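Only one structure is covered here, and it is reproduced in the block below.
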Amino acid sequence: MINLDMGLDPQSNMSLGEKLGQISWSLVLLITAVACIGFAMLYSAANGNFDPWATRQIMRFAVGLVLMLVVALIDIRLWLKFSYFLYGIAFFLLIVVEIMGHVGMGAQRWIDLGFMQLQPSELMKVTLVMALARYFHGASLEDTGRITFLIPALVMIVAPVCLVLLQPNLGTSLMLLMVSGAIFWLVGVRLWKFALVIGSVLAAIPVIWHFMHDYQKNRVNTFLNPENDPLGHGYHIMQSKIALGSGGMFGKGFLMGSQSHLNFLPEKQTDFIFTMLAEEMGMVGALVFLAMYALLLVYGYVIAMRCRHQYGRLVAMGLTVNLFLYMFINIAMVMGLIPVVGVPLPLISYGGSSALTVMIGFGLLLCVHVHRDVRMSRRGMSDF
Amino acid sequence: MFNAIDRDAERQRVMNRRTLVLGGLKAGALSALVARLYYLQILEGDHYTTLAEDNRISLRLLAPSRGIIVDRSGVPLAVNEQNFRAVLVSERTDDVDETLDKVVKLLPLTDADRRRILRDVDRLRSFAPVTLRENLTWDQVSAIEVNLPDLPGVSIEVGQVRSYPFGEQAAHILGYVGVVSEQELQNARDPLLSLPGFRIGKSGIERKHDLALRGTAGTSQLEVNAVGRVVRELARNDGQPGHQVTLTIDAKLQYYAQQRLAEHESAAAVVLDVQTGGILALASHPSFDPNQFAMGIPQDLYDSLIKNEASPLTNKVVAGHYAPGSTFKPMTALAGLEAGVDPTHRVFCPGHYDFGGHTFHCYKKGGHGSVDMHDAIRMSCDVYFYDLARRIGVDRIADMARRFGLGDRTDLDLPGEKTGIIPDTKWKRRTYKENWYDGETLSVAIGQGYVTATPIQLAVMCARLASGGKAVKPHLTKAVEQEYTEQTAWPDIGVKPEFIQRVLAGMAGVTSAGGTAYAARITQPGMEMGGKSGTAQVKRITMAERNAGLLKAERPWKDRDNALFIAFAPVQAPRYACAIIVEHGVGGSSVAAPIARDLLLEIQLMEAARAQQADAGATAPSAPTQVTAAPAMPGEGTPR
Numbered sequence: 066m067i068n069l070d071m072g073l074d075p076q077s078n079m080s081l082g083e084k085l086g087q088i089s090w091s092l093v094l095l096i097t098a099v100a101c102i103g104f105a106m107l108y109s110a111a112n113g114n115f116d117p118w119a120t121r122q123i124m125r126f127a128v129g130l131v132l133m134l135v136v137a138l139i140d141i142r143l144w145l146k147f148s149y150f151l152y153g154i155a156f157f158l159l160i161v162v163e164i165m166g167h168v169g170m171g172a173q174r175w176i177d178l179g180f181m182q183l184q185p186s187e188l189m190k191v192t193l194v195m196a197l198a199r200y201f202h203g204a205s206l207e208d209t210g211r212i213t214f215l216i217p218a219l220v221m222i223v224a225p226v227c228l229v230l231l232q233p234n235l236g237t238s239l240m241l242l243m244v245s246g247a248i249f250w251l252v253g254v255r256l257w258k259f260a261l262v263i264g265s266v267l268a269a270i271p272v273i274w275h276f277m278h279d280y281q282k283n284r285v286n287t288f289l290n291p292e293n294d295p296l297g298h299g300y301h302i303m304q305s306k307i308a309l310g311s312g313g314m315f316g317k318g319f320l321m322g323s324q325s326h327l328n329f330l331p332e333k334q335t336d337f338i339f340t341m342l343a344e345e346m347g348m349v350g351a352l353v354f355l356a357m358y359a360l361l362l363v364y365g366y367v368i369a370m371r372c373r374h375q376y377g378r379l380v381a382m383g384l385t386v387n388l389f390l391y392m393f394i395n396i397a398m399v400m401g402l403i404p405v406v407g408v409p410l411p412l413i414s415y416g417g418s419s420a421l422t423v424m425i426g427f428g429l430l431l432c433v434h435v436h437r438d439v440r441m442s443r444r445g446m447s448d449f
Numbered sequence: 008m009f010n011a012i013d014r015d016a017e018r019q020r021v022m023n024r025r026t027l028v029l030g031g032l033k034a035g036a037l038s039a040l041v042a043r044l045y046y047l048q049i050l051e052g053d054h055y056t057t058l059a060e061d062n063r064i065s066l067r068l069l070a071p072s073r074g075i076i077v078d079r080s081g082v083p084l085a086v087n088e089q090n091f092r093a094v095l096v097s098e099r100t101d102d103v104d105e106t107l108d109k110v111v112k113l114l115p116l117t118d119a120d121r122r123r124i125l126r127d128v129d130r131l132r133s134f135a136p137v138t139l140r141e142n143l144t145w146d147q148v149s150a151i152e153v154n155l156p157d158l159p160g161v162s163i164e165v166g167q168v169r170s171y172p173f174g175e176q177a178a179h180i181l182g183y184v185g186v187v188s189e190q191e192l193q194n195a196r197d198p199l200l201s202l203p204g205f206r207i208g209k210s211g212i213e214r215k216h217d218l219a220l221r222g223t224a225g226t227s228q229l230e231v232n233a234v235g236r237v238v239r240e241l242a243r244n245d246g247q248p249g250h251q252v253t254l255t256i257d258a259k260l261q262y263y264a265q266q267r268l269a270e271h272e273s274a275a276a277v278v279l280d281v282q283t284g285g286i287l288a289l290a291s292h293p294s295f296d297p298n299q300f301a302m303g304i305p306q307d308l309y310d311s312l313i314k315n316e317a318s319p320l321t322n323k324v325v326a327g328h329y330a331p332g333s334t335f336k337p338m339t340a341l342a343g344l345e346a347g348v349d350p351t352h353r354v355f356c357p358g359h360y361d362f363g364g365h366t367f368h369c370y371k372k373g374g375h376g377s378v379d380m381h382d383a384i385r386m387s388c389d390v391y392f393y394d395l396a397r398r399i400g401v402d403r404i405a406d407m408a409r410r411f412g413l414g415d416r417t418d419l420d421l422p423g424e425k426t427g428i429i430p431d432t433k434w435k436r437r438t439y440k441e442n443w444y445d446g447e448t449l450s451v452a453i454g455q456g457y458v459t460a461t462p463i464q465l466a467v468m469c470a471r472l473a474s475g476g477k478a479v480k481p482h483l484t485k486a487v488e489q490e491y492t493e494q495t496a497w498p499d500i501g502v503k504p505e506f507i508q509r510v511l512a513g514m515a516g517v518t519s520a521g522g523t524a525y526a527a528r529i530t531q532p533g534m535e536m537g538g539k540s541g542t543a544q545v546k547r548i549t550m551a552e553r554n555a556g557l558l559k560a561e562r563p564w565k566d567r568d569n570a571l572f573i574a575f576a577p578v579q580a581p582r583y584a585c586a587i588i589v590e591h592g593v594g595g596s597s598v599a600a601p602i603a604r605d606l607l608l609e610i611q612l613m614e615a616a617r618a619q620q621a622d623a624g625a626t627a628p629s630a631p632t633q634v635t636a637a638p639a640m641p642g643e644g645t646p647r
């Protein structure tokens, strides 16, 4: 059925009840289940205590869950309309942290809001996806074939990436680049253009190396050869591999991870939480966890495929790629496959800022699902 | 519009295709994660499990308690005492400075102590105890304990410190313990040596029997976390404490000997059992307090010990080289007898002996007149021995002296023993590349010239004489744990018993009427001693001095003659032998002999009292018998 009458879209003005009914509760349940694994791990990380991490994480998740549902229920056309605006706010905050940012963990990343520390770069991961989706929402294949058409989008990407690099936060800037790359790929940018960009980036590596901070150089060096420096930068990865490897097939049992509990494992409640999970639950537990995560990604794909408008598809795909990158970078890092980059494991790692943006991301994903059949013009807001 | 829809459909197809590619990439990446998981947890799982255990378990050494050293009847000579020390755990106090200020009111801490403490606080982990002060007195311990609530982070720990109840009185026998030096650490394989604060024997018996006394390390398997904090103990093996070492020393006699020597500036004495060779007393004065070494001796005190010209740190009994003087004459006499010299042959002593253009003096200016061998030993006539030596030659004398243990180490179980010198023609050629002059033989005959011996060698010589020619060897160790090592059957040294009896008779004459040491005789019946005095020059007397009649006592202390005496008792059936030297004491018979007398009388009286006690014990076991036979012995108890 092709309905050309844009003002008569049956779903354009759904009631709140209808929208609640449209929410994929199975996805909400899956998200909650994964988050519960996280609570259990934080309980274990504190040697069998709800304090200091698990309780706070549960409360944050509860707040995040509400926020997620609110985001999901807001009309997607409103999100489309405010995409650039939200991107602008995130960009502005990035500049603010650059100027007067709070120094923590060797990098300027946070704005202290009092009740939590806001990481604008995390916010940017969501708003950049929204802005790019907005930009390509009305673009045809001819448009995306034109380099002049791509240039504004490239500026939208490169500007925040540069700011995040300056912080310096290599992990997040790479994630922003890869998510953007995925969106470019999906909207049909030709392969040779990617090849061109990647080629020139490779050529620029020596220049980038020159401008890198020593600690970043060390991280790359350490990645290439962690055993060389067992008590220095390689220590984290060595200890992580020892803890993870010693878990074996079935693990040491909940609360029994000796390496984690004796503090050999650094940052076990944040970046290295997967290591603890694998130590205590073994390979079986880790595979179950990965399967649940894969299912989350499948949900993201299905939502994107079933969406009937480009904006929703791109937002859903972008956020799914985002989630995937979080997970992949984190787990590959703790297993020594890639250098140590400070990327948390969404829904599991303890932390405010990323948990918040991840929940907003899921909210948007649900929103796309709820509003999958909404009709939108290429300009996006005419029928709103 | 339809055009637009077509283009939308085309865009959708491209996107679907590319979504599939993207999904494939993600599936591939996920597979890589799973593969890595499999590699780490399954393929390399055992390897990482081992590493994890290594990480987790820390093996700590536990120092065993050092074996104690006791005298022949079980009186402790070296023990371990509890050592209380105040420690501070810096993480348990908010302000280290403030806590230290409070501690200073209870414990004297110097500025240097304070600097060391603050440096340790910075250097060590915050949970590691930093020692504030060691060797606290009871008063200090209780002062700290009472005030603990006001002293956050401070606590009292108990350790062990070596303690020598007899202090200076047995220092040269026992030696002392000290911290392990870098060099010792490199050469040793015992892991105990690397324990901080571990002490090993540095001299004396402590060093000789260090391995037996040390014991074996215990281990404690501890579960530690990443910063080394102990979480709990998994297993414990206490190790073996060190063995007890029993000495042949008699603590009472030892104490008495050291006290007796203290009347002089610098002296040494040794008493041994003629049959076993077991040393009953071995004293060297001045001495030092080994307790101060065990606790870590202050530098100024150490410097003063080193600079003292009477060398308190040297055990003169084994490391002192002295010309034996006339105490050597029994060797010359024996060599003569063995060479066929008639002991009844008489020599006229006019007070000097002219040989090869030189005049050799007898110590007695007017001479002894006509003397035979017995008289010569009794009166210590030099001229008789000049004449005897000239007839038999130096090599015979040297051979006899060596058979009696001179010129070589006695293999006493104490480190640092010297060999002494017994010269002969070969020795001179070897050492000086010169021929022997007959005139030198005359000096050797009276124990001067090149001849040197240690007091222990002289005591052994005396014991070999007193035993009738048995090759007795001295020793200090009676038993290590339960393993008795004492030897009583000694090989014969191959000198005819009648020769030895003749010399012993001469030595008995020394303490008889007309003998040089008659004044220092033992009068108790059945306890009489025989001996030989010696007054050995340490500086050649010039003709001018001799003519001027310079009194010996007027010379500077350092230039005065050494006083020596060797003795055995009882004369009828010798049981004990001793050697005494009083450095620069001038008179062998007037200064050294009385010490020998007192020591030999003391040990005999003690033995008599012990035998009596044993008898009394056999008849009335409940009645405690007080030993009262020792007149010069101070009250019982710890003499520190």
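These protein sequences, in sequence, are chains W and A. Last residue of the first sequence: 449 in the working numbering, with the numbers rising by one and none dropped. Last residue of the second sequence: 647 in the working numbering, with the numbers rising by one and none dropped. All C-beta atoms, glycine included, are put in the ideal place defined by N, C-alpha and C. Here the structure is a predicted model, which means the values were calculated and not measured.
Within the region 362–379 of chain W, the residues whose Cβ lies closer than 8 Å to any Cβ of chain A are, in chain order, Leu362, Tyr366, Ala369, Met370, Gln375, Arg378.
For Gly30 of chain A, the neighbours in chain W by C-beta distance under 7 Å run, in chain order, Tyr366.
The Cβ of Leu125 of chain A sits no closer than 8 Å to any Cβ of chain W. The region 412–424 of chain A makes no contact with the region 436–445 of chain A, as fewer than three CB pairs between them are under 8 Å. When the beta-carbon positions are compared, Arg214 of chain A and Gly222 of chain A stay at least 8 Å from each other. About 16 Å separates the Cβ atoms of Ile176 of chain W and Val191 of chain W, ruling out a contact at the 8 Å cut-off. His328 of chain A and Pro504 of chain A have their alpha carbons spaced roughly 30 Å apart. A direct Cα-to-Cα measurement between Pro117 of chain W and Met357 of chain W gives close to 26 Å. Minimum Cα-Cα distance from Phe362 of chain A among the listed residues A:Val390, A:Thr100, A:Asp382 corresponds to A:Val390. When rounded, the separation of the alpha-carbon atoms in Thr518 of chain A and Arg582 of chain A is 17 Å. At least one beta carbon of chain W lies nearer than 8 Å to the beta carbon of Arg43 of chain A. Closer than 8 Å at the C-beta level to chain A, one finds no residue of the region 405–430 of chain W.
In this structure, Ala317 of chain A lies near Ser273 of chain A, with their beta-carbon atoms less than 8 Å apart.
Here the C-alpha atom of Leu130 of chain W lies approximately 10 Å from the C-alpha atom of Met124 of chain W.
Ile256 of chain A is positioned such that its CB atom lies closer than 8 Å to that of Ala288 of chain A.
If you draw a straight line from the Cα of Leu412 of chain W to the Cα of Leu390 of chain W, it comes to about 14 Å. In terms of beta-carbon proximity, Glu17 of chain A lines the interface with chain W, with at least one pair separated by less than 8 Å. If you look at Gly428 of chain W, you'll find it in the alpha helix (DSSP H) that goes 418–435.
In the DSSP assignment, Asp280 of chain A is bridged to A:Tyr583.
Its Cα nearest to that of Thr120 of chain W, the residue W:Gly416 stands out among W:Gly416, W:Ile307, W:Gly86. The beta carbon of Ile396 of chain W falls within 8 Å of a beta carbon belonging to chain A, placing the residue at that interface. Under the 8 Å criterion on CB atoms, Ser323 of chain W is classed as interfacial with respect to chain A.
Proximity of chain W to Arg67 of chain A at the Cβ level (cut-off 9 Å) is not reached, the minimal Cβ distance being about 16 Å.
Within the model, the alpha-carbon separation for Val194 of chain W versus Leu44 of chain A is close to 31 Å. When A:Met386, A:Leu27, A:Ala570, A:Leu69 are compared, the shortest CA-CA separation from Glu240 of chain A is found for A:Leu69. Contact between the region 113–128 of chain A and the region 143–156 of chain A is present, with at least three C-beta pairs closer than 8 Å. Residue A:Gln247 holds the alpha-carbon nearest to the alpha-carbon of Ala224 of chain A among A:Ile428, A:Ser188, A:Gln247. Of the candidates A:Lys33, A:Thr459, A:Gly513, the residue whose Cα lies closest to the Cα of Asp431 of chain A is A:Thr459. Considered as a whole, the region 383–418 of chain A harbours 389–399, 401–410 as its complete alpha helix (DSSP H) runs of no fewer than 4 residues, in chain order. The alpha-carbon of Lys425 of chain A is positioned some 33 Å away from that of Tyr360 of chain A. Chain A has no Cβ within less than 8 Å of the Cβ of Phe214 of chain W. Residue burial annotation: Ile102 of chain W is buried, with at least 16 other C-beta atoms found within 10 angstroms of its C-beta. For Ala119 of chain W, the uninterrupted alpha helix (DSSP H) run begins and ends at 119–138, by DSSP.
With fewer than 16 other Cβ atoms inside 10 Å of its own Cβ, Ile164 of chain W counts as exposed. With respect to the C-alpha of Leu85 of chain W, the residue from W:His434, W:Gln184, W:Trp144, W:Leu228 having the closest C-alpha is W:His434.
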